[in-house]
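Colleague: Quick one: structure below, then a few questions.
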């Protein structure tokens, strides 16, 4: 999955400067929104959620500082995350520059183009991320409440392994997820197509979504990504298939083996299930 494009909103009453900056950032691979005044910016922000705002500090009616202050106020009122702001200003604007420092970062004219672009790249990834939902499938608890209670009470899930024979193994203890019923979290069709490691991830994602109270049907799903870290993938299924092929021949191998084994099976199935 490729990284989603970053969106920059540029606010400047000078149309030539606006077009010049727009062309520059489009060439750099950004999506660009433009506004010639604070009032136009407020209208754009009703429909768009940019990753960074670049504002000229000197504008008629609402200047850059007043515009930025109003934007932050509107976003707070809607429960939205803060947003990084870069003010383009000059050395002569000492008084207003001091006010701007409380709201964002300053870039003084004239500036080195490459340094400016590097600064924009750094600022465009500073948008705050807020955790809105938790989903846990762990050895000492399934669901955030059960997991939390186990932790604060010091309940350990480490014990002797019972799920398979450890007679020939030096290590005989582990923390294994118990009482996990995948049918509570996904359909029988999904269960038949997935390894246990995928089922654990799907269940955790479903619990996190439910906890967040997020209604995916009201969201822009093209702006939602799934990021999962997995070291090995479907090891249990992989071992079973190797054993089957040795004992019964290669024709007995599972046709859908690769989607079960692949480490990216978890984000893939989560994306498919939740659209």
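Residue numbers (our numbering): 29 to 303. The C-beta atom is built at its ideal place from N, Cα and C for all residues, glycine as well.
(1) Does the beta-carbon of residue 63 have 16 or more other beta-carbons within 10 angstroms, so that it is buried, or is it exposed?
(2) Let's test the definition: count the other Cβ atoms within 10 Å of the Cβ of residue 128 and tell me whether it reaches 16, buried, or not, exposed.
(3) Can you tell which of 265, 163, 298 has its C-alpha closest to the C-alpha of residue 254?
(4) Looking at the strands, I want to know which residues DSSP matches up with residue 166.
(5) With DSSP run on the structure shown, which of helix, strand or coil describes residue 60?
(6) Look at residue 39 and residue 53 and say whether their C-beta atoms are less than 8 Å apart.
(7) So the candidates are 233, 132, 135, 103; which of them puts its Cα closest to the Cα of residue 162?
(8) How close, in whole Å, do the beta carbons of residue 293 and residue 226 come, if the pair is a contact with beta carbons under 8 Å?
(9) Rounded to the nearest angstrom, what separates residue 72 and residue 138 at their Cα positions?
(10) Which residues bound the alpha helix (DSSP H) around residue 95?
(11) Going by other Cβ atoms of all chains shown within 10 Å of its Cβ, with 16 needed for buried, is residue 286 buried or exposed?
(12) Is residue 241 closer than 8 Å to residue 262 when the C-beta atoms are compared?
(13) To the nearest whole angstrom, what separates the beta carbons of residue 124 and residue 80, a pair I think is in contact under 8 Å?
(14) Under the three-state reduction of DSSP, which class applies to residue 265: helix, strand or coil?
(15) Find out if the Cβ-Cβ distance for the pair residue 208, residue 165 is shorter than 8 Å.
(16) Helix, strand or coil for residue 135, going by three-state DSSP, please let me know.
(17) Keeping to the same chain, check which residues put their C-beta closer than 8 Å to that of residue 31; ignore five residues upstream and five downstream.
(18) Please confirm whether residue 61 and residue 78 have their CB atoms less than 8 Å apart.
(19) Distance check for residue 51 and residue 291, CA to CA, integer angstroms please.
(20) Can you give the beta carbon distance from residue 69 to residue 116, rounded, assuming they're within the 8 Å contact cut?
(21) Look up residue 188 in the DSSP assignment and say whether it is helix, strand or coil.
(22) Under the assumption that residue 302 contacts residue 244 (Cβ atoms under 8 Å), give the Cβ distance between them as a whole number of angstroms.
(23) Answer with buried or exposed for residue 159, where buried requires no fewer than 16 other C-beta atoms within 10 angstroms of its C-beta.
(24) Can you tell me whether residue 153 is buried or exposed? The criterion is at least 16 other CB atoms within 10 Å of its CB, across all chains shown.
(25) To the nearest angstrom, how far is it from the Cα of residue 236 to the Cα of residue 43?
(26) Does residue 272 come out as helix, strand or coil in the three-state DSSP assignment?
(27) Could you name the residues of the same chain whose beta carbon sits closer than 7 Å to that of residue 224, not counting the 5 residues immediately before and after it, in chain order?
(28) Taking only three categories from DSSP, how would you classify residue 239?
(29) Pick out whichever of 130, 171, 111 has its Cα sitting closest to the Cα of residue 151.
Modeller: Here's the rundown:
(1) buried
(2) buried
(3) 298
(4) 169
(5) strand
(6) no
(7) 233
(8) 5 Å
(9) 28 Å
(10) 92-105
(11) exposed
(12) no
(13) Rounded, the Cβ-Cβ distance is 20 Å, inconsistent with contact.
(14) helix
(15) yes
(16) strand
(17) Here the model assigns residue 31 a pLDDT of 47, short of 50, so the residue's position is not dependable, and the following value carries that caveat. So no residue of the chain qualifies.
(18) yes
(19) 40 Å
(20) That belief does not hold up - the Cβ atoms of residue 69 and residue 116 are roughly 14 Å apart, past 8 Å.
(21) strand
(22) 6 Å
(23) exposed
(24) exposed
(25) 45 Å
(26) helix
(27) 264
(28) helix
(29) 111
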